[in-house]
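For reference, the structure discussed in these notes is given below.
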Amino acid sequence: MRLINLGMITKIGEWFDHRLQLAAPIREAAEHPVPRNTASWFYVFGSAALTVFILQLVTGILLALIYVPSAGEAWSSLQALNHQIALGWFIRAMHGWGSNFMVAIVLIHMVQVFLFGAHKYPRELTWIIGVFLLLMTLGMAFSGQVLRFDQDAYWGLGIGASIASRVPVLGPFVVKLMLGGPIIAGATLSRFFALHVFVIPGLLIGFVGLHVLMVLKLGINEWPMPGRIVKRATYDAEYHALTKKDGAPFVPYAIWKDMFFAAFIILAVAACAFYFGPFGPTGQPDPTIIQTAPKPDYFFLWLYALLSLLPPSLETPFLLIVPPLAILGLILLPFLSGEGEKSWKRRPIAVITVLLIAITLGTFTRMAQFTPWSPHMNAWSGDPVPERYIHGTSALERQGALVFQVKQCRNCHSLGDAGGQRGPALDSVAVRLTQDQLIRQVIQGGGNMPAYGNNLSPAETTALVAFLETLHPTTQRPARDAARELVLGDGQLQTSRTQP
Amino acid sequence: MSTKPVTGPPTEASLSRRGFFMKLGILLNGFAAVVLAVPVAGFIFSSITRGRGNGYLSWVSLGNVSNFPEGETRMATFRNPLVMPTDGKTTGTACWVRRIAGDQFQVFAINCAHLGCPVRWFAQSGLFMCPCHGGAYYRDGSRASGPPERGLFEYPYKVENGVLTINAGQLPTPGDPVAGLTSEKPSCA
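Protein sequence lines correspond, in order, to chains D and F.
Residue 1 is where the first sequence starts when you use this note's numbering, and the numbers rise one by one after that.
Residue 501 is where the second sequence starts when you use this note's numbering, and the numbers rise one by one after that.
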């Protein structure tokens, strides 16, 4: 019985293959010899990226069964997915976490390829297509965040429009083209839906196909040996000899590691989805609700940090010049260093560059999680002056503490670790500034502080400065202007009150 | 159907005839592509071209002048003049109305002049603050501190029959402020 079935299957298979004629090329591709040392755990990230991409395609199609790409209904359809449809939350979470994993894996794959010199001859075009795949992955990440049409998506589009508008001459047109009109509205969501679901995935599928085809045609990059120099004239013959002498069929010799890692990644995405759940949606995309502090998704946090730390005058040039230069640099890389050493052990500048970029992006990302540059909009009403700062103070100083609170100073300045971090913490400000300097700073502003001269009465300023002068540690005397005592005479100034 | 007997390799003349037809085919398809490209491009770029002139902007009401006490700054909302049925809540827009005195107003866009986040008004300190990157503006909309390179965007306004109206309908951005602080004051102000 079983034999008959097997025979039947073979016959059906043969019937199809007689017409399709695909079995031979597939077998040839699967069993093509690869250098033995490429069967390594370092070589699994490319296939892992493909795995997550397929996962995104599947979960994306599942989400499209319920999601409504209309500015009026997208948000409620996400709520329905989260709460009404059985396991809708899990599919959303898989898609969201899958996107985080995909960006991460693509970046790791890129770093590995670069450090192993796989971008060198003859794989330049494979690298360049990889650069486009990275850009498309980031495009998917951004457009995906827009489809989660909530407050963050709405204001995130505003940020995107504000950046795009800075392009000289064309800016205003680019913004209208991007938004599908003069404002962020229904047409905006619909066009991002078209990008996220048709345009970019279509391109991605085509480019991924080319990328994989080239890996098959040109062979997997051999494990880089220090001292083994790549030369255009000799490389092809050397690689051919290597696969002949020390090669093994890709299936099953190397592929089992790819398969193990692919399963591990899918399970990891599922575990994250299960434990952490879906992302958002946050509040409704209603532009009249302004009590919101929009923040981009994880992979764009570094940009969010950069945009608040750059000097204002450098921002537009940076936004318009650096990204195109970076992309151009990545595309030109295999032409600038298409030959020579492949091993990272002999390419110190390559290693340092990767480390520098990783540390920079990592630091900015970390900072963007705390946003020290954002005022705490509710600190003035939510974070009172700690009691120990007004213990034993005079009436004037207490009035000053009140001014300090009411005038929203706390939104940018912290006391006792509570309050904004936009400006310096004021726990020991009296040590740093004299009375005159405090008055000047409050009235005229300066540095990054607005001037309060128009908004404080002389009495309020006096009270506020009297309070600020009490802010110093017990062990340190407040700063004072020595010349002032000489001018005004002894006993005129007794402002140095100590704090517990 | 009888076919012509093949008498030998195609002659020079027949090749050039086929070649001519192929070139004509390419030309025909090129023509078809151009004919198709015009409506396709027109459709894709319609979001830009519709904005020519004052296509997107019109005067919208913010309500009675009496809703805005003198010397105070209050939030107002309006409906975008150009609406599509699928816009949902996004057609609503907020703005800050400062009534200086009498019919003298300033109407600020809600969007920060840095990257468009919604600024909030703090009456006690007389500042607009942005929650994103910490931009701050004085009560007259001028830049106080932070990353913005300019003051808040301002809508042109007019007061007619006791109703405050503004010329709105487009998201103001740093590269396209619509009506900037530097623009001329409306004649009725």
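No residue lacks a Cβ here, since even glycine has one placed at the ideal position from N, Cα and C.
All of these numbers come straight from a predicted model, not from anything done at the bench.
Which residues in the same chain have their Cβ closer than 7 Å to the Cβ of residue i, if we skip the five residues on either side of it in sequence?
| i | result |
| --- | --- |
| residue 672(F) | 609, 611, 653, 678 |
| residue 375(D) | 411, 412, 420, 422 |
| residue 153(D) | 145, 146, 285 |
| residue 669(F) | 556, 557, 558, 580, 581, 582 |
Report the residue from the options whose alpha carbon sits nearest the alpha carbon of residue i.
| i | options | result |
| --- | --- | --- |
| residue 194(D) | 64(D), 35(D), 422(D), 325(D) | 64(D) |
| residue 34(D) | 248(D), 144(D), 175(D), 237(D) | 248(D) |
| residue 623(F) | 657(F), 572(F), 532(F), 661(F) | 572(F) |
| residue 543(D) | 188(D), 436(D), 339(D), 262(D) | An answer regarding residue 543(D) cannot be provided, because it is not within the stretch 1 to 500 covered by chain D. |
| residue 75(D) | 563(F), 583(F), 588(F) | 588(F) |
| residue 46(D) | 444(D), 286(D), 214(D), 301(D) | 214(D) |
| residue 436(D) | 191(D), 419(D), 449(D), 484(D) | 484(D) |
| residue 340(D) | 26(D), 154(D), 93(D), 226(D) | 226(D) |
| residue 430(D) | 259(D), 423(D), 438(D) | 438(D) |
| residue 304(D) | 159(D), 385(D), 279(D) | 159(D) |
| residue 674(F) | 269(D), 185(D), 316(D) | 316(D) |
| residue 129(D) | 364(D), 93(D), 212(D) | 212(D) |
| residue 395(D) | 379(D), 121(D), 466(D) | 466(D) |
Whose C-beta lies closer than 8 Å to the C-beta of residue i among residues of the same chain, with five residues either side of it excluded?
| i | result |
| --- | --- |
| residue 17(D) | 23 |
| residue 565(F) | 599, 603, 659, 662, 663, 664 |
| residue 216(D) | 29, 32 |
| residue 569(F) | 599 |
| residue 681(F) | Confidence is the limiting factor: at residue 681(F) the pLDDT is only 41, short of 50, which leaves the residue's position unreliable, though a coordinate-based value still follows. Answer for residue 681(F): 641, 642, 650, 651, 652, 653, 654, listed in chain order. |
The beta strand (DSSP E) that contains residue i, what's its start and end?
| i | result |
| --- | --- |
| residue 561(F) | 558-564 |
| residue 354(D) | Premise fails: residue 354(D) lies in the alpha helix (DSSP H), 348-370, not in any beta strand (DSSP E). |
| residue 590(F) | Looking at the DSSP string, residue 590(F) is not in any beta strand (DSSP E), and its letter there is neither H nor E. |
| residue 225(D) | Careful: residue 225(D) lies outside any beta strand (DSSP E) and carries neither H nor E. |
| residue 620(F) | 620-622 |
| residue 636(F) | 636-638 |
| residue 627(F) | 627-629 |
Inspect the beta-carbon positions of residue i and residue j and report whether they are closer than 9 Å.
| i | j | result |
| --- | --- | --- |
| residue 67(D) | residue 55(D) | no |
| residue 580(F) | residue 183(D) | yes |
| residue 452(D) | residue 461(D) | yes |
| residue 503(D) | residue 174(D) | Because chain D is modelled from 1 through 500, residue 503(D) falls outside the range shown and cannot be assessed. |
| residue 136(D) | residue 85(D) | no |
| residue 155(D) | residue 617(F) | yes |
| residue 575(F) | residue 594(F) | yes |
| residue 93(D) | residue 149(D) | no |
| residue 98(D) | residue 269(D) | yes |
What first and last residue would you give for the alpha helix (DSSP H) that runs through residue i?
| i | result |
| --- | --- |
| residue 608(F) | Per DSSP, residue 608(F) belongs to no alpha helix (DSSP H); it is in the beta strand (DSSP E), 604-609. |
| residue 191(D) | 186-194 |
| residue 443(D) | 435-444 |
| residue 453(D) | Here residue 453(D) belongs to no alpha helix (DSSP H), and DSSP marks it neither H nor E. |
| residue 392(D) | Per DSSP, residue 392(D) belongs to no alpha helix (DSSP H) and is neither H nor E. |
| residue 265(D) | 255-276 |
| residue 645(F) | Counting along the chain, residue 645(F) falls outside any alpha helix (DSSP H), though it belongs to the beta strand (DSSP E) covering 643-645. |
| residue 207(D) | 200-218 |
| residue 78(D) | 74-83 |
| residue 298(D) | Taken as a continuous stretch (DSSP letters only), residue 298(D) belongs to no alpha helix (DSSP H), as it is neither H nor E. |
| residue 92(D) | 88-115 |
| residue 136(D) | 124-147 |
| residue 154(D) | 151-164 |
| residue 71(D) | Element bounds for residue 71(D): n/a, residue is neither H nor E. |
| residue 173(D) | 171-179 |
Using C-beta distances below 6 Å, list every residue in its chain close to residue i, excluding the 5 sequence neighbours before and after it, in chain order.
| i | result |
| --- | --- |
| residue 390(D) | 398, 401 |
| residue 117(D) | 224, 342 |
| residue 37(D) | 223 |
| residue 619(F) | 612, 628, 630 |
| residue 497(D) | For residue 497(D), the predicted model reports a pLDDT of 46, less than 50, meaning its position is unreliable; a value from the coordinates is still stated below. Counting only Cβ-Cβ distances below 6 Å, and skipping sequence neighbours, we find 470. |
| residue 688(F) | With a pLDDT of 40 at residue 688(F), under the threshold of 50, the modelled position of that residue is not reliable, and no figure is offered here. |
| residue 292(D) | 151 |
| residue 261(D) | 44, 48 |
| residue 78(D) | 281 |
| residue 299(D) | 103, 141 |
| residue 445(D) | 451 |
| residue 621(F) | 573, 596, 628 |
| residue 220(D) | 34, 38 |
| residue 468(D) | 429, 438 |
So who's on the other strand from residue i, going by DSSP bridges?
| i | result |
| --- | --- |
| residue 668(F) | 558(F) |
| residue 658(F) | 665(F) |
| residue 33(D) | 249(D) |
| residue 418(D) | 415(D) |
| residue 597(F) | 574(F), 607(F) |
| residue 341(D) | 229(D) |
Is residue i near the ligand NAD, going by C-beta to nearest heavy atom under 8 Å?
| i | result |
| --- | --- |
| residue 245(D) | Looking at this structure, you won't find the ligand NAD or any other ligand, since it has none at all. |
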